[in-house]
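In the working numbering, the protein residues as written are 37 to 308. A virtual CB, placed ideally from N, CA and C, is assigned to each residue, including glycine. Reading through the structure tokens given below for one structure.
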Amino acid sequence: MAGYLVEDTRKVTTHRLREMKEQGKKIAMLTAYDYTMAQIIDGAGVDMILVGDSASNVMAGNYTTLPITIDEMIYHARSVVRGTRRALVVCDMPFGTYQVNETEAVSNAIRIMKETGCDALKLEGGEEIIEAVKKILAAGIPVCGHLGLTPQSICKFGTYAVRAKEEAEAAKLVRDAHLLEEAGCCAVVLEKIPAVLCERVCQELRIPVIGIGAGEADGQVLVCQDMLGMNKGFSPKFLRRYADLHTVITDAVGQYVTDVKKATFPNADERY
Ligand code: KIV
37 MAGYLVEDTR KVTTHRLREM KEQGKKIAML TAYDYTMAQI IDGAGVDMIL VGDSASNVMA
97 GNYTTLPITI DEMIYHARSV VRGTRRALVV CDMPFGTYQV NETEAVSNAI RIMKETGCDA
157 LKLEGGEEII EAVKKILAAG IPVCGHLGLT PQSICKFGTY AVRAKEEAEA AKLVRDAHLL
217 EEAGCCAVVL EKIPAVLCER VCQELRIPVI GIGAGEADGQ VLVCQDMLGM NKGFSPKFLR
277 RYADLHTVIT DAVGQYVTDV KKATFPNADE RY
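Here it is, written out as structure tokens:
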């Protein structure tokens with residue numbers, strides 16, 4: 037069952053993404069890391085699901101995305117694929133699986149595709165990883181780029197502040213976006229950059245640009261738990277909260293604890 041305003045219930049493909057950009061239809065993307073959430077958000081009509089390496093933070097409680105392993109990403113992506121019918125599922129290649137050399141990159145990419153059944157992979161970076169991107173594409177695997185604030189480079193950046201505010205970094209980002217498009221990427225994520233820069237890239241590229249903290253783009257992505265209000269402590273300016281699940285869950289669990297302690301659960305109808 038597809039959600040409100042979703043007329044096309046066919047599986048979203050890379051071809052369809054390109055059509056959506058051409059037709060001026062916005063692309064809605066969210067992260068998911070497990071079967072249950074994937075089923076809910078796919079049924080609600082998202083076009084793309086990102087099995088982000090943000091699972092390292094959101095699922096495992098790590099400070100950065102760096103520690104998550106390829107085996108852990110495969111576990112998350114496989115679970116998401118099982119819960120998804122319509123959306124295009126993109127899996128992040130985790131830190132260290134594509135930066136060493138192109139041969140390693142392509143064999144890790146093939147492994148993720150084979151073992152998860154996902155539809156595309158996302159890699160962070162431009163010129164520095166372009167040979168790996170080309171090799172993965174040459175193997176027939178769709179690739180989504182990711183520029184701007186690339187969390188796998190957080191130790192190098194030393195801050196989660198907005199990227200590409202300076203002319204040189206902005207010019208490199210535009211060059212990198214073109215390189216990714218020319219290589220054959222199906223989309224590019226731009227994270228935490230000035231809105232005017234994102235608008236420029238959207239205009240210059242024919243592939244869809246998905247923004248997060250980047251103003252208006254061809255589509256938007258958010259971390260599902262953040263937009264559902266499950267993480268109280270994370271409130272960047274770009275985050276719109278669509279629910280307060282932290283309160284909903286806390287109240288529900290509190291009520292359950294009370295009922296168990298008072299022995300009002302289970303009642304006569306809730307037993308065999
Ligand atoms: O891992 C992730 O969730 C991401 C998004 C923030 C774009 O890469």
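Proximity test, residue i beta-carbon vs the ligand KIV heavy atom, cut-off 8 Å
i	result
ALA128	According to the sequence as given, residue 128 is Asp; it is not Ala. Yes; taking the cut-off as 8 Å, the Cβ of ASP128 has a heavy atom of the ligand KIV nearer than that.
ASP89	yes
PRO187	yes
ILE248	yes
THR100	no
LEU86	yes
THR67	yes
VAL257	yes
VAL225	yes
HIS182	yes
LYS273	no
LYS158	yes
Per DSSP, the bridge partner or partners of residue i
i	result
ALA204	Answer is none; ALA204 lacks a bridge partner.
GLU235	Per DSSP, none; premise fails for GLU235.
LEU226	LEU183 and GLY247
Residue environment, residue i, which counts as buried when at least 16 other CB atoms sit within 10 Å
i	result
ASN137	exposed
PHE193	exposed
GLY97	exposed
ASP155	buried
VAL232	exposed
ASN93	buried
TYR134	buried
GLY290	exposed
ILE285	exposed
Same chain, Cβ closer than 7 Å to residue i, neighbours up to 5 away in sequence not counted
i	result
ASP262	PHE270 and LEU275
LEU36	Coverage of the chain is limited to positions 37 through 308, which leaves residue 36 absent and any answer about it impossible.
ASN144	ILE106, MET129, THR133 and TYR134
GLY78	Looking at the sequence provided, one finds Asp at residue 78 rather than Gly. Excluding sequence neighbours, ASP78 sits near ILE85, GLY119, THR120, ARG121, ARG122 and ALA123.
Residues of its chain near residue i, where Cβ-Cβ distance is below 6 Å and the 5 sequence neighbours each way are ignored
i	result
PHE131	LEU102 and GLN188
HIS182	LYS158, GLU160 and VAL225
PHE301	ASP295
Below-9 Å beta-carbon distance, residue i vs any chain D residue
i	result
CYS180	Absent from the structure: chain D. Only one protein chain is present.
Considering only residues of the region 244 to 271, which uninterrupted alpha helix (DSSP H) runs meet the minimum length of 4 residues and lie entirely inside it, listed in chain order?
260 to 263
Output the residue ranges of the alpha helix (DSSP H) runs that lie fully inside the region 124 to 159 and measure 4 residues or longer, sorted by chain position.
138 to 152
Would you mind listing the beta strand (DSSP E) stretches within the region 60 to 96 that are 3+ residues and don't spill past its ends, in chain order?
63 to 67 and 84 to 87
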